[in-house]
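This report refers to the structure that appears directly beneath it.
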Amino acid sequence: EPEVTQTPSHQVTQMGQEVILRCVPISNHLYFYWYRQILGQKVEFLVSFYNNEISEKSEIFDDQFSVERPDGSNFTLKIRSTKLEDSAMYFCASRPGQGFSYNSPLHFGNGTRLTVT
Amino acid sequence: AQSVAQPEDQVNVAEGNPLTVKCTYSVSGNPYLFWYVQYPNRGLQFLLKYITGDNLVKGSYGFEAEFNKSQTSFHLKKPSALVSDSALYFCAVRDTQTGANNLFFGTGTRLTVIP
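Top line first, the protein sequences correspond to chains A and B.
Heads up, the first sequence is in the working numbering, so the first residue is 1 and it goes up one at a time.
Heads up, the second sequence is in the working numbering, so the first residue is 118 and it goes up one at a time.
Here is the structure:
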């Protein structure tokens, strides 16, 4: 069964540094998402991406965050200047597009654990 | 605004006993409701969903959930718990009226099945 893959599994960075988290969504999916989870707690929506642009974003997704689909397979989340409170597990997810119905579930990757020191 | 409540942070149940993980929701329009499970150091795995139709939906690993519109609930159930069911469970909702395509998650319930 196709999977969403995320790299790296663990990223350690110093406060103020830029990080890029990488994701390869399922190949025929059209909607892409980033969520984060702090300390195994609530899963928080960050951003959704469709047709090469952001379709929705949360209050968490401020100017320090950006997303990009640089080629036909990768979907990246960049944090420009990391803060201690950015330490979390970041999950990428994808789902099929409109033709596969609006109610299709999201498929999640195993996450990247970001530790900001 | 959409919201999801999982009133229990922790649920303990003996192996072989029935289990229930509670979820209530609030949306503007009709809800699409989902349950996901998370095992340690893993992503969220889809269990089941309610979109329309029969209020009782069946999903993976013997789980089922009942949609109750009057109580705005979508409780997850299983007739006989297994130790391997021990994990973190998340309820999620998509509000069809707002047109938002993202899922809004509850705070999660940690299920522990005791041998």
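Positions of the beta carbon are idealized from the N, C-alpha and C atoms, including for glycine.
Small disclaimer: the values here were computed from a predicted structure and weren't measured.
Just to make sure I have the definition right: I need the residues of chain A whose C-beta is within less than 7 Å of the C-beta of B:N219. Which are they?
Y33, F45, S48, E56
- Which class does B:Y178 belong to by DSSP, given the choice of helix, strand or coil? helix
- With C-beta atoms as the reference, is B:T224 less than 7 Å away from B:Q119? no
Contact belief for B:S145 with B:Q214 at Cβ below 8 Å, rounded distance in angstroms: 4 Å
Exercise for the section: Following the continuous beta strand (DSSP E) through B:L212, name the residue where it begins and the one where it ends. Expected result: The sequence shown places Asp at residue 212 of chain B, not Leu. Unbroken beta strand (DSSP E) run through B:D212: 204-212.
Quick check: the segment 133-143 of chain B against the segment 81-89 of chain A, are at least 3 beta-carbon pairs closer than 8 Å? no
- Message: DSSP three-state label for B:V130, please.
- Response: strand
- By the 10 Å Cβ neighbour count, where 16 or more other Cβ atoms means buried, how is B:G202 classified, buried or exposed? It is Asp, not Gly, that sits at residue 202 of chain B in the sequence shown. By the neighbour-count rule (16 or more Cβ atoms within 10 Å), B:D202 is buried.
inquiry  = Any beta carbon from chain A within less than 7 Å of B:I168's own beta carbon?
reply    = yes
* To do: Verify the CB distance criterion: does B:G176 have a CB-CB separation below 7 Å to chain A?
  => no
Exercise for review: Determine contact between the segment 9-19 of chain A and the segment 28-38 of chain A, defined as no fewer than three beta-carbon pairs at a distance below 8 Å.
Suggested key: Touching, no, given that fewer than three Cβ pairs across the two stretches are closer than 8 Å.
* Can you tell me which of the three DSSP states B:V200 falls into? => Three-state DSSP puts B:V200 in a helix.
| said: Which of the three DSSP states is assigned to A:L30 in this structure? | reply: coil
### Message
For B:C208 and B:Y153, what's the separation of their Cα atoms in angstroms?
### Response
Between B:C208 and B:Y153, the C-alpha separation is close to 6 Å.
Item to check | Through-space distance from B:P232 to A:N74, alpha-carbon basis | outcome: Roughly 43 Å between the two C-alpha positions.
query: Between B:K139 and A:E59, what straight-line distance do the alpha-carbon atoms span, to the nearest angstrom?
result: 28 Å
(message) DSSP three-state label for A:L39, please.
(response) coil
- Query: If we cut at 7 Å on Cβ distances, does A:N51 have a partner in chain B?
  - Reply: No, because no Cβ of chain B sits closer than 7 Å to the Cβ of A:N51.
Report task. Go ahead and pull the three-state DSSP assignment for A:E53. Result -> strand
Is the beta carbon of A:V4 closer than 7 Å to that of A:I26? yes
Interface residues of chain B around A:L106 at Cβ under 7 Å? L220
Residue burial classification, B:V174 (beta-carbon count within 10 angstroms, cutoff 16): Under this definition B:V174 is a buried residue.
Please identify the residue among A:T76, A:L21, A:Q64, A:G109 whose C-alpha is closest to the C-alpha of A:E53. From the listed residues A:T76, A:L21, A:Q64, A:G109, the smallest Cα separation to A:E53 is found for A:T76.
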